[in-house]
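Novice: Structure in structure tokens, see below.
2 protein chains.
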Amino acid sequence: MQSFTEENYLKIIYHLAELTNNVQTNSIAEKMQTKPASVTDMIKKLADKGFVDYIKYQGVTLTEKGRNAAIDIVRKHRLWEVFLVNKLNFKWDEVHDVAEELEHIKSVDLIERLDEFLGFPKSDPHGDPIPDKNGRFAKNHFTKLIELKIGDSGTITGVSQHSSAFLKHLEKLGLTLGKQIQINDVTDFDGSVEILVADKQINISREVAKHILISNNGKN
Amino acid sequence: MQSFTEENYLKIIYHLAELTNNVQTNSIAEKMQTKPASVTDMIKKLADKGFVDYIKYQGVTLTEKGRNAAIDIVRKHRLWEVFLVNKLNFKWDEVHDVAEELEHIKSVDLIERLDEFLGFPKSDPHGDPIPDKNGRFAKNHFTKLIELKIGDSGTITGVSQHSSAFLKHLEKLGLTLGKQIQINDVTDFDGSVEILVADKQINISREVAKHILISNNGKN
DNA sequence: AATAATTTTTAGATTTACCTAAAAATAAAA
DNA sequence: TTTTATTTTTAGGTAAATCTAAAAATTATT
Ligand SMILES: [Mn+2]
Ligand SMILES: [Mn+2]
Ligand SMILES: [Mn+2]
Ligand SMILES: [Mn+2]
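Protein chains in written order, with full-length UniProt numbering: chain A, 1 to 220; chain B, 1 to 220.
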């Protein structure tokens, strides 16, 4: 059984490993909002417990056991987010912090019943896939909106930024999950993108376009 | 903001204070499954923070602030128990341990929305009253089944023992909340009680009868 | 009132998760 | 290939919550 803190480390290592196989001490420290020295301490402990493989100065990788533990926490986090949005009427920008706490509740039974209660959802309110009880899930294969060309179209199916500020902004622009969009123009000056959504033409900044994920996109 | 541990101390002191106004160090230690020396340490801290009044060797009493904090935790615990039983189909004997964890999730918004989602329940699966968001609740005024006389009748509206073993036993006997019962006889030999429930005559031990709470009882 | 039993507190340690400052290793630049 | 910069680790320490053993206070019993 892992502590609250160990679970947070595992989850963060897991997410960082999605970007780079070998995860650096400093990246973990940044995400954990702690100091590199503390991370080294914890890494040693996680290695002792068999959750990570660790070579001094070479960063860490999750073991099978570590990855499973991490995926289990991700599963809980996302299921709770679905619960908060679908059952308790939270907005998608309000759920992350509460889910950060709920994900640590230890009861296999609880999470399986919750999954059932929610109708075995496949993705969370931000479009992220929810692992099943065996840890399996389809890896999303989205294109960033910023990478689309003029004339391309598709459906908003995810976001790669979960901050409340960003999500509220999208909401205001009407850019929510499931919405159909089309690229009309890309501004030379600042890289902002003109898109068509719900029959309206709007302009979004490059920064915003970077974090919107599109699927099912018909290239021009 | 209180820590997980502080919250548990406050809740336990609150429950003990329902029995005796001045709560002893040893009773707290027993309930917390810790040592008296640890309790003394924590009591000092809680006193510093203004949650309890404390005089050396004289035990503790909750301050207004401490009582409010404790009631808030009790409210969360009981609401989560209702959720687990009514929405996730847990049995009444399976919910306590999970609720012990869930009660520490810190989000006022969450618990108010949960309350609403559940339809503002007035009591939990064990018949215990649920404080409203202002901490107000009707204090139950039940009679222990053991105190009834032959011929008395009433409705099972609570239990004063929450162990899984006890609750499972009641379930098997058909002695669940809302059931109508009548006292038919009390055995001289062992103090066991003959009761009528759902047209069936059953015998329950003195120990069981002590922990069943009856309301609305028509005396003979 | 004196003695014994119980309860409670202090003293001193331990464990977990942190921290700062300095040393060591690795990577990048000159 | 040195030198410099960055990353990572070690060393030593702190705060929270716990523990054991022993001392002190309170309560109960003779
Ligand atoms: Mn989230
Ligand atoms: Mn999410
Ligand atoms: Mn309970
Ligand atoms: Mn209960």
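Here a beta-carbon is modelled for each residue, glycine too, at the ideal position from N, C-alpha and C.
In this text, all values refer to a predicted model and were calculated from it rather than measured experimentally.
Quick check on the burial criterion: 16 or more other C-beta atoms within 10 angstroms. Buried or exposed for A:ALA17?
Specialist: Buried.
Novice: Which residues end up in the neighbourhood of ligand 1 when you take C-beta atoms closer than 6 Å to any of its heavy atoms?
Specialist: Per the Cβ criterion, the list is A:HIS77, A:GLU81, A:HIS96, A:ALA99 and A:HIS162.
Novice: Chain A partners of B:PHE117, CB-CB under 9 Å?
Specialist: Result: LYS87, LEU88 and ASN89.
Novice: Could you name the residues of the stretch 90-116 of chain A whose beta carbon sits closer than 9 Å to any beta carbon of chain B, in the order they occur along the chain?
Specialist: Hits within the stretch, in order: PHE90, GLU94, ASP97, VAL98, GLU101, LEU102, HIS104, ILE105, LYS106, SER107, ASP109, LEU110, ARG113, LEU114 and GLU116.
Novice: Please list, in chain order, all residues of the same chain as B:HIS104 whose beta carbon is under 7 Å from its beta carbon, the five residues on each side excluded.
Specialist: Excluding positions up to five away in sequence, the list reads PHE4 and GLU7.
Novice: Within 10 Å of its beta-carbon, does A:ARG78 have 16 or more other beta-carbons around it, so buried, or fewer, so exposed?
Specialist: A:ARG78 is buried by the Cβ-count criterion.
Novice: Are the Cβ atoms of B:LEU10 and B:ALA99 separated by less than 8 Å?
Specialist: Not in contact: B:LEU10 and B:ALA99 (Cβ atoms no closer than 8 Å).
Novice: Going by DSSP, which residues form a beta bridge with A:PRO36?
Specialist: The partner list for A:PRO36 (beta bridge, DSSP) is empty, contrary to what the question assumes.
Novice: In three-state DSSP terms, what is B:GLY191?
Specialist: B:GLY191: coil per DSSP, three-state reduction.
Novice: Ignore the nearest five residues each way along the sequence and tell me which others in A:LEU175's own chain have a CB closer than 7 Å to its CB.
Specialist: Once the five neighbours on either side are set aside, the close Cβ partners of A:LEU175 are ILE156, VAL197 and ILE212.
Novice: Using a threshold of 7 Å, is the CB atom of B:PRO121 nearer than that to any non-hydrogen atom of ligand 4?
Specialist: Because no heavy atom of ligand 4 lies under 7 Å away, the Cβ of B:PRO121 does not count as near it: no.
Novice: In this structure, does DSSP put A:LEU118 in helix, strand or coil?
Specialist: A:LEU118: coil per DSSP, three-state reduction.
Novice: Look at B:LEU118 and B:ASN89 and say whether their C-beta atoms are less than 8 Å apart.
Specialist: No. Outside cutoff.
Novice: With a threshold of 7 Å on Cβ separation, who are the neighbours of A:PRO121 within its own chain once the five nearest residues in sequence on each side are excluded?
Specialist: The answer, listed in chain order, is VAL82 and ILE130.
Novice: How big is the Cα-Cα spacing for A:LYS56 and B:THR25?
Specialist: Rounded to the nearest angstrom, the two C-alpha atoms are 48 Å apart.
Novice: From the DSSP secondary-structure annotation, give me the bridge partner or partners of A:ASN203.
Specialist: Bridge partners of A:ASN203: A:GLU194.
Novice: Following the continuous alpha helix (DSSP H) through A:THR157, name the residue where it begins and the one where it ends.
Specialist: Where A:THR157 is concerned, there is no enclosing alpha helix (DSSP H), although the beta strand (DSSP E) it sits in stretches over 153-159.
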